[in-house]
Ligand code: DX5
Ligand code: ZN
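Residue numbers (the working numbering): 1084 to 1431.
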């Protein structure tokens, strides 16, 4: 997976529709972060594309997430088809019949996928307010929906992208703002500077003779550059995949604490890291969390961590009183004079 924070969702709208399996495999090889599939019903927009059967067909061709962008008037009666097809997220437009919006969002969430709402360029973000808490994605359209290859609307991006984040405060770790329409090497730095998470890139990737991989990398890098200089005090953005240490605990306590943290939606990696050896001969486990949610983890679990550390101290004392101290477990060759290990060894 790419470093940095911006992610590119490859739109297959302008790929060769007679050979979608190839298009998907090619884009994955070229470094796409995920796929964006534009469903159009010739009613909500003046164009017709594909439906759940096509998505079902490409699903087994890639491991990457598939985001569906439904530009359709009636998502509700068809929503099961898109969920069954294996979409990881389904985003539809807030401009449809209002009676369908809430039940459709609820169905998507009930299926364990990310629900999203999209806004056309002329629709104000306030249209999303009534549904706050029911969606995890805000898709800001920077062209009129319907066709690839249109010109990027900078004023729309400027007005909505930062503000869209405010609508996702219930989902600090996994809420996403997507920008869709006219995103390319000219506009990437600007939208990155507004903190957009997902850049939907379509037509420019499918131009004959274009080096797709280089284009994806360029858009991503420019978006991160924009973020670094406009929102992040000139510091490079935290790579989403970087993990930082949250706590070090004896294994049994580490596993219990990990369960509590993960129950709140924050992923944890337990590693036998650099911590002290315990009297049972097993080294403390490092609990790692994504750097992008380190502050949130601290806020939610900082107090519990102190409690766990105290419990670890008490456990060590009890263990020593009952069993003494075992020599440290050695799973890999240790350096000859390892000063770090001696502290945990039985005295004498
Ligand atoms: C337009 C679609 C977009 C389209 C973007 O209605 O929603 O996803 O594929 O294509 P480009 O990048 O060419 O604007
Ligand atoms: Zn789209």
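C-beta atoms are modelled at their ideal positions from N, C-alpha and C, and glycine is treated no differently. On a predicted model such as this, the values are computed, not experimentally measured, just so you know.
Next item on the list: Please determine, among 1347, 1365, 1250, the residue with the shortest C-alpha to C-alpha distance to residue 1200.
Entry: For the purposes of this step, residue 1200 is taken as residue 117 along the chain shown, with counting starting at 1. Cα-wise, what sits closest to residue 1200 is 1250.
Item checked: Ranges of the beta strand (DSSP E) found wholly within the segment 1171–1246, counting only runs of at least 3 -> 1172–1176, 1197–1202, 1220–1224
Next item on the list: Would you check if there are 3 or more beta carbon pairs closer than 8 Å linking the segment 1173–1188 to the segment 1145–1159?
Entry: yes
Checklist line | residue 1196 beta carbon less than 8 Å from that of residue 1170 | finding: The count along the chain shown starts at 1 and reaches residue 1170 at position 87. The count along the chain shown starts at 1 and reaches residue 1196 at position 113. Yes, Cβ-Cβ distance for residue 1170 and residue 1196 is below 8 Å.
Checklist line | Residue interval of the beta strand (DSSP E) (run including residue 1332) | finding: Stepping through the chain shown from its first residue, residue 1332 is reached at position 249. It spans 1326–1332 - the beta strand (DSSP E) in which residue 1332 sits, taken as one unbroken run.
Check: So what does DSSP say about residue 1253, is it helix, strand or coil?
Finding: To locate residue 1253, count along the chain shown from 1; it is residue 170. Residue 1253: coil per DSSP, three-state reduction.
Next item on the list: Taking residue 1365 as the reference, give the member of 1356, 1373, 1371 with the closest Cα.
Entry: Here residue 1365 is taken as the residue at index 282 of the chain shown, counted from 1. Nearest option by C-alpha distance: 1356.
Checklist line | Per-residue DSSP class, three states only, for residue 1373 | finding: Against the chain shown, residue 1373 aligns to sequence position 290. Reduced to three states, the DSSP call for residue 1373 is strand.
Next item on the list: Can you tell me which of 1150, 1146, 1101, 1112 puts its alpha carbon nearest to the alpha carbon of residue 1119?
Entry: By one-based count along the chain shown, residue 1119 stands at place 36. Nearest option by C-alpha distance: 1150.
Margin query: Can you determine whether any heavy atom of ligand 1 sits closer than 7 Å to the C-beta of residue 1154, and answer yes or no?
Written below: Here the question's residue 1154 lines up with position 71 in the chain shown. Under cutoff, so the answer is yes.
Checklist line | Those residues which DSSP pairs with residue 1118 across a bridge | finding: Along the chain shown, one-based indexing puts residue 1118 at 35. DSSP lists 1093, 1149 as partners of residue 1118.
Margin query: Between the alpha carbons of residue 1325 and residue 1222, how many angstroms are there, rounded?
Written below: Here residue 1325 refers to the residue found at position 242 when the chain shown is read from its first residue. Here residue 1222 refers to the residue found at position 139 when the chain shown is read from its first residue. In a straight line, the C-alpha of residue 1325 is about 26 Å away from that of residue 1222.
Next item on the list: Have a look at residue 1234 and residue 1146 and give me their C-alpha separation to the nearest angstrom.
Entry: Taking the chain shown and counting its residues from 1, one reaches residue 1234 at position 151. Taking the chain shown and counting its residues from 1, one reaches residue 1146 at position 63. Between residue 1234 and residue 1146, the C-alpha separation is close to 31 Å.
Check: Straight-line CA distance for residue 1323 to residue 1374?
Finding: Against the chain shown, residue 1323 aligns to sequence position 240. Against the chain shown, residue 1374 aligns to sequence position 291. Distance between the alpha carbons of residue 1323 and residue 1374: 7 Å.
Item checked: Extent of the continuous beta strand (DSSP E) run through residue 1279 -> Taking the chain shown and counting its residues from 1, the one referred to as residue 1279 is at position 196. It is not in any beta strand (DSSP E) - residue 1279 carries neither H nor E in the DSSP assignment.
Check: Regarding residue 1133 and ligand 1, is the C-beta to nearest heavy atom distance less than 7 Å?
Finding: Here the question's residue 1133 lines up with position 50 in the chain shown. Outside the cutoff, so no.
Check: In terms of DSSP beta bridges, what is residue 1259 paired with?
Finding: What you label residue 1259 is simply residue 176 of the chain shown in a count that begins at 1. DSSP output for residue 1259 lists 1220 as bridge partner(s).
Next item on the list: Please list, in chain order, all residues of the same chain as residue 1099 whose beta carbon is under 7 Å from its beta carbon, the five residues on each side excluded.
Entry: As a working note, residue 1099 is residue 16 in the chain shown. Result list for residue 1099: 1106, in chain order.
Margin query: Quick check for students: name the residue ranges of the beta strand (DSSP E) that lie wholly in the segment 1287–1342, counting only runs of 3 or more.
Written below: 1326–1332
Margin query: Along the chain, where does the beta strand (DSSP E) containing residue 1135 start, and where does it finish?
Written below: Here residue 1135 is taken as the residue at index 52 of the chain shown, counted from 1. Where residue 1135 is concerned, there is no enclosing beta strand (DSSP E), although the alpha helix (DSSP H) it sits in stretches over 1135–1141.
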